[in-house]
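Visitor: Chains as they are written, first to last, in the numbering used here: chain A, 42 to 226; chain B, 42 to 226. Glycine included, C-beta positions come from ideal geometry on N, C-alpha and C.
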């Protein structure tokens, strides 16, 4: 932030306002304090008869890598609406019943993933504009080395472990930079 | 947003960028698109031997009303860190083990509440700078008509119902404007 979005002044400094304890972008011309806060990424782990739906990214970052349908929640949406919208936009799939499945903080990039689990009623899906292709994978065929983000690895890990026990539960977790190297399967 | 925070231009228009489907604040001078997304409010429902901790707000909105310790999650925090920090700032209470308890979308104001449940090890608490007073309430003494926000009513409702069954689970819910009038207890 170089200019105040409220008054246009360039008298912006990143310092701690009175009665606060964290630095903010403060306008010393009009007094406005510009807060910046974490973003929510909402998405769906979709299954169909034991297979998992993955999308190959047609956009950066991680162009060409596989992910689950997920993206930034928009203003005036509910979490479920955001997850269903992303599922439609990226995988042209429609889901109804969602189970809250994983909530993952990623403090290094100030994001919180809220992921739902849902079973597709039918194997109907297609690549949306942000996907190169969309495909159902048997667990043994998951392209672990080509997954887009650590949080996707984490979510698929949960799914396979829960599936083994037959008990699906809501997970809450954090991804730290050091956890980006994961050994699995 | 009246001025571009990147270039200072006043050529800001709220319209739909190419390859998007929602209006954004777009700078027609430098091309920057300024996204605005929901904020996360993290907090704790604290209990001590069946009593519930509430804080009376020393700030607007809802000055003088009762709430649970909760506030905006900051960049570079985890959800748990945010909830514990708010609990310390507003109620000077320290909690360790947190249970993910309620995730509530409030689309009308683009907020998502992520609330944890925790049992205080001891009845040690005090009013922080944003609280007039902090107090433990027996369920029958909860000041329902003086609670600050519908989401607080919702969360306390969950707690009392779960307590009656003895089974505490994670709740996911939405608060719509029409649900602001709640009849209870």
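When the Cβ atoms of the region 87 to 102 of chain A are set against those of the region 165 to 177 of chain A, are three or more pairs found closer than 8 Å?
Guide: The answer is yes - the region 165 to 177 of chain A touches the region 87 to 102 of chain A, with three or more Cβ pairs under 8 Å.
Visitor: Quick check on residue 226 (chain B): buried or exposed, where buried means 16 or more other Cβ atoms within 10 Å of its Cβ?
Guide: Residue confidence is low: residue 226 (chain B) scores 47 on pLDDT, short of 50, so the model does not pin down where it sits. Its coordinate-derived value is still stated next. Residue 226 (chain B) is exposed by the Cβ-count criterion.
Visitor: What is the residue span of the beta strand (DSSP E) that residue 85 (chain A) lies within?
Guide: Its beta strand (DSSP E) spans residues 80 to 89.
Visitor: List, from N- to C-terminal side, the alpha helix (DSSP H) runs of 4 residues or more that fit wholly inside the region 172 to 219 of chain A.
Guide: Listed in chain order, they are 191 to 206.
Visitor: Would a check of beta-carbon distances place residue 73 (chain B) closer than 8 Å to chain A?
Guide: Cβ-Cβ to chain A under 8 Å: no for residue 73 (chain B).
Visitor: Could you list the residues in the region 144 to 161 of chain A with a C-beta less than 8 Å from some C-beta on chain B, going in chain order?
Guide: Per Cβ criterion, the list reads 144, 146, 148, 149, 151, 153, 155.
Visitor: Should the region 98 to 116 of chain A be called in touch with the region 65 to 76 of chain A, which here means at least 3 C-beta pairs below 8 Å?
Guide: Taking 8 Å as the limit for Cβ pairs, the verdict is that the region 65 to 76 of chain A does not touch the region 98 to 116 of chain A.
Visitor: Report all residues from its chain with a CB closer than 6 Å to the CB of residue 121 (chain B); omit the five preceding and five following residues, and keep chain order.
Guide: The residues are 139.
Visitor: Does chain B have any CB closer than 8 Å to the CB of residue 45 (chain A)?
Guide: Yes, because at least one Cβ of chain B sits closer than 8 Å to the Cβ of residue 45 (chain A).
Visitor: In whole angstroms, give me the CA-to-CA distance for residue 20 (chain B) and residue 88 (chain B).
Guide: No statement about residue 20 (chain B) is possible, as the shown extent of chain B runs from 42 to 226 and does not include it.
Visitor: Under 8 Å, Cβ to Cβ, is there at least one residue of chain B near residue 80 (chain A)?
Guide: Yes, residue 80 (chain A) counts as interfacial toward chain B.
Visitor: In terms of DSSP beta bridges, what is residue 98 (chain A) paired with?
Guide: Answer is A:172, bridged to residue 98 (chain A).
Visitor: Under 7 Å between beta-carbons, which chain A residues line up against residue 113 (chain B)? List them in chain order, please.
Guide: Those within 7 Å of residue 113 (chain B) in chain A are 78.
Visitor: Flag this pair as yes or no: are the beta carbons of residue 84 (chain A) and residue 124 (chain A) separated by less than 8 Å?
Guide: Closer than 8 Å, so yes.
Visitor: How about residue 213 (chain A): is its C-beta nearer than 8 Å to some C-beta of chain B?
Guide: It does: the Cβ of residue 213 (chain A) has a partner Cβ on chain B nearer than 8 Å.
Visitor: In whole angstroms, give me the CA-to-CA distance for residue 204 (chain B) and residue 70 (chain A).
Guide: Distance between the alpha carbons of residue 204 (chain B) and residue 70 (chain A) is about 52 Å.
Visitor: For residue 149 (chain A) and residue 114 (chain B), what's the separation of their Cα atoms in angstroms?
Guide: Each residue's alpha carbon lies about 14 Å from the other.
Visitor: Which chain B residues are close to residue 117 (chain A), counting only those with a beta carbon under 8 Å from its beta carbon?
Guide: Those are 148, 149, 151, listed as they occur along chain B.
Visitor: Using a Cβ-Cβ cut-off of 8 Å, state whether residue 49 (chain B) counts as contacting chain A.
Guide: Yes, contact with chain A.
Visitor: Between A:214, A:117, A:110, A:195, which has its C-alpha nearest residue 177 (chain A)'s C-alpha?
Guide: Nearest option by C-alpha distance: A:110.
Visitor: Excluding the 5 residues flanking residue 48 (chain A) on each side, which residues of the same chain have their C-beta closer than 6 Å to its C-beta?
Guide: The answer, listed in chain order, is 70, 71.
Visitor: How many angstroms separate the CA atom of residue 56 (chain A) from the CA atom of residue 66 (chain A)?
Guide: So the alpha carbons of these two residues sit roughly 7 Å apart.
Visitor: Taking the alpha helix (DSSP H) that residue 54 (chain A) falls in, what are its first and last residues?
Guide: Counting along the chain, residue 54 (chain A) falls outside any alpha helix (DSSP H), though it belongs to the beta strand (DSSP E) covering 53 to 56.
Visitor: Are the beta-carbon atoms of residue 52 (chain B) and residue 68 (chain B) separated by less than 8 Å?
Guide: It is a contact, given that the beta carbons lie within the stated cut-off.
Visitor: Have a look at residue 26 (chain B) and residue 192 (chain A) and give me their C-alpha separation to the nearest angstrom.
Guide: Residue numbering for chain B in the displayed model covers 42 to 226; residue 26 (chain B) lies beyond these limits and cannot be assessed.
Visitor: DSSP state of residue 65 (chain A), grouped into three classes?
Guide: It is a strand residue.
Visitor: If the criterion is Cβ atoms closer than 8 Å, does the pair residue 86 (chain B) and residue 196 (chain B) meet it?
Guide: Contact: yes.
Visitor: Is residue 141 (chain B) close to chain A? Criterion is C-beta to C-beta, closer than 8 Å.
Guide: For residue 141 (chain B), the answer is yes, since a Cβ of chain A falls inside 8 Å of its Cβ.
Visitor: Could you compute how far the alpha carbon of residue 217 (chain B) sits from the alpha carbon of residue 158 (chain B)?
Guide: Their backbone Cα atoms lie some 23 Å apart in a straight line.
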